[in-house]
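Which chain is which? The protein sequence lines are C and U, in order. Just so you know, we're using my numbering here: the first sequence kicks off at 16 and counts up by one. Just so you know, we're using my numbering here: the second sequence kicks off at 8 and counts up by one. Notes follow once the structure below has been shown.
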Amino acid sequence: MASLVRPGADARALAAPRVDRQPWGAIVLFLLPAFTVYTALTAYPVLRTLWNSAHTVLPHSAQFTGLANYAALAHDDIFWRSVRNTFVWSCVSPVTEVSIGLLLALALYARIPGRRFFRIAWFTPVLMSYVIVGIIWVWIYNYDWGAANAILRAIGLGRYVQAWIGDPKIALPSLIFVTTWMWTGFNMVVLLAAMHSLPSEVLEAAELDNCGWMAKLWHVVIPLIRPTILNLIVLSFIGKMKIFDLVWITTKGGPLWSTETVSTYLYKRAFEWSTFDLGYPSTIAVVWFVIVLAGVFALTWLFRQRERLEF
Amino acid sequence: MLTRAVLFIVVGLYTAFAAGPFLWVASMSMRTTSEISLDHYAWPAKWHWEKFAQAWFNSNYNVYFENSLLVVVSAVAVLTVVGSMAAHCFARYRFPANRVLYFVIFSTIIFPPQITIIALFQILVQYGLYDSLLGLALVYVAVQLPLTVYVLESFFARIPGDLFDAARIDGYSEWQIFWKVSLPIALPAIATAVILNTILLWNEFLYAVVLITDESKRTLPLGIQRFMGDQLEDVGMIATGLMIAIVPVVLIYVFFSEKLIQGMTAGAVK
């Protein structure tokens, strides 16, 4: 279908001759609902969060505190712990998800029978909510009867049996494993779509050059789908920066803050701990917002630099 | 031949790994907890369909399901209309600031939800929309708007301009052009957006957990979470509850898998 293929520049040009005179009435009418929603429920909340961050905000009063919240945040060990956890998550996940996804996509690209079935089966985990996935994995990681330990015992690796999400040393990797399980299929399907949309002439040319199958993949296919790979890395990075549901269902940030993410910590400070102050959590939100934007810009900048070096 | 065999084994193993957990839950949803505790991995000896009725009527699942349905259907309906109006406008009219306004909406795709969620809580409390399905639906519209506009705009932009010129000569107003020309042609893209938004909102948890507290207003993900907290040891019943939430998604997926995959991958293939 069309939306899979790039919304290409050429297609856009074909559709071009837009109206010359501006029917401003119609333009305003068409955009008004969207911008009303945007202003009331996106732009205004962002500004209000900024305002909050310089105040102590109690249910019926607010007091200006300047940068005091920011100063306190700088010395908040739990916050920095959660930042570190979230960063580990969002740096490890793109690597594992995209590389495994790429290998699987290549396997399907080799025209294995039953491709359609595999494609649908591998995509399923993404469709489930983190709540469902979280509960299922709490069971899989159950010490006594969970599948993880059951399999280890069955293949004679009983000494590796452990409390996967109960041990501070291994809880975070265990959860990262869950998101990898969930998102690898998605990455695989996207990469496969990118491979199938490659112009067939390029592949035929490679065939004429008597290029081997592996060489064809490595020198022709992968460089051509590089933009898709980079996109997926950014998407996965952003997704993990936001992660909340899975942690909330499985560990609530424990044991000993070992899986605390910025989102869960912010939620606790705003709605769980009975401090009633919404100012400090807003400060967390603002600082985190800046960090996320910086991370995304850094990634895209980095990829663009690499691009330039190659030519 | 050997490489073929290896490929098959790898693919088969990964499929078991990806789908296994769901089959496990499906089998447990058909067994009672006492059966399960004897052997967690046995095939259901007797199919306990009545567990579904139990979860549905005795554990409030009918309420959760109804709430989810209400919020998701209304939010998606509003999103589709508002989103396609904006997308049509961005794609059709070349007015100054077009790209700037598009970017303003589109860029919120990368915003972490934390930057708005505390203020949204305050705003909804202020306007009496806190702990109401209407408030949650409105927030959902705002949250999914950028993705909807993005998916639709790229499709609207590829409708040939000649069609619109012809319609104008026939005396169509700008609104009629949108309603009678653009929308029908864009139906496939709209279907993609509808399915995508439905699944994403059906699974949504963070906004729901912040903006809803009342038991009678919980959506499915909230209901499941509470259910798990209450019945910690009753694995069989929780599994049944999970299946009730999974089934609609699987049904949508069975009928619209291609559309859904398209929608979810549209943003990533560039």
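A virtual CB, placed ideally from N, CA and C, is assigned to each residue, including glycine.
Pairwise C-beta distances place the stretch 189 to 209 of chain C in contact with the stretch 124 to 143 of chain C, as three or more of them are shorter than 8 Å.
Between the C-alpha atoms of C:A220 and C:V235 there is a straight-line separation of about 10 Å. Note on geometry: alpha-carbon atoms of U:V256 and C:W154 lie some 22 Å from one another. Per DSSP, the continuous alpha helix (DSSP H) segment holding C:T64 begins and ends at 59 to 67.
DSSP assignment within the stretch 48 to 82 of chain U yields no whole beta strand (DSSP E) run of 3 residues or more. Boundaries of the beta strand (DSSP E) harbouring C:L73: 70 to 73, taken from the DSSP string.
Counting along the chain, the unbroken alpha helix (DSSP H) around U:S161 starts and ends at 140 to 163. Under the Cβ distance rule, U:A12 does not count among the residues neighbouring chain C, no pair being separated by less than 8 Å. Contacts between U:Y260 and chain C, judged by CB atoms closer than 9 Å, involve I135, F138, T139, L142 in chain order. At least 8 Å separates the beta-carbon of U:S81 from that of U:L159. When 7 Å is used as the limit between beta carbons, U:Q232 is near these residues of chain C: V146, I264, in chain order.
One Cα belongs to C:L308, the other to C:V61, and the distance between them is close to 14 Å.
Less than 8 Å separates the beta-carbon of C:F259 from that of U:L213.
Here the alpha carbon of C:V176 sits roughly 49 Å from the alpha carbon of C:H70. When the beta-carbon positions are compared, U:I259 and U:I197 stay at least 8 Å from each other.
Within chain C, M256, K257, W303, F304, V307 have C-beta atoms less than 7 Å from the C-beta of U:P119, given in sequence order. Annotated as proximal: C:V311 and U:I117, with beta-carbon spacing under 8 Å.
Counting along the chain, C:Q78 sits inside the beta strand (DSSP E) bounded by residues 76 to 79. Within the same chain, no residue comes within 7 Å of U:A23 by CB-CB distance, once the 5 residues on both sides are set aside. If you compare the alpha carbons of C:D182, C:A169, C:K283, C:F318 with that of C:R241, the shortest gap goes to C:F318.
For C:F252, the secondary structure class from DSSP, reduced to helix, strand or coil, is helix.
Residue environment: U:N204 is assigned as buried (16 or more neighbouring CB atoms within 10 Å of its CB, all protein chains considered). Restricting attention to U:V32, U:L9, U:K187, U:N67, the CA atom closest to the CA of U:E222 is found in U:N67. For a Cβ distance threshold of 7 Å, nothing in chain C lies close to U:V188: the least Cβ distance comes to about 13 Å.
Cβ-Cβ distances below 6 Å link U:V148 to A82, V85, L86 in the same chain, with the five nearest sequence neighbours on each side left out; the list follows chain order. Taking C-alpha positions only, C:V72 is separated from C:E287 by approximately 15 Å. The beta carbons of U:L249 and C:I150 sit closer together than 8 Å. Residue contact check for U:N210 against chain C: a CB pair falls below 8 Å.
Within the stretch 122 to 151 of chain U, contact with chain C at the beta-carbon level (separation under 9 Å) is assigned to I122, T123, I124, I125, A126, L127, F128, Q129, I130, V132, L145, V146, V148, A149, V150. Bounds of the alpha helix (DSSP H) holding U:F24 are 9 to 36. For C:S97, the closest Cβ of chain U is not nearer than 8 Å. A direct Cα-Cα distance of roughly 7 Å separates C:T195 from C:T111.
Distance from the CA atom of U:A126 to the CA atom of C:C106, rounded to whole angstroms, is 29 Å. The three-state reading of DSSP puts U:H95 in helix, counting H, G and I together. Looking from the CA of C:G161, the closest CA among U:L14, U:W31, U:S36, U:F15 belongs to U:W31. Here U:P228 is buried, its C-beta having at least 16 other C-beta atoms within 10 Å.
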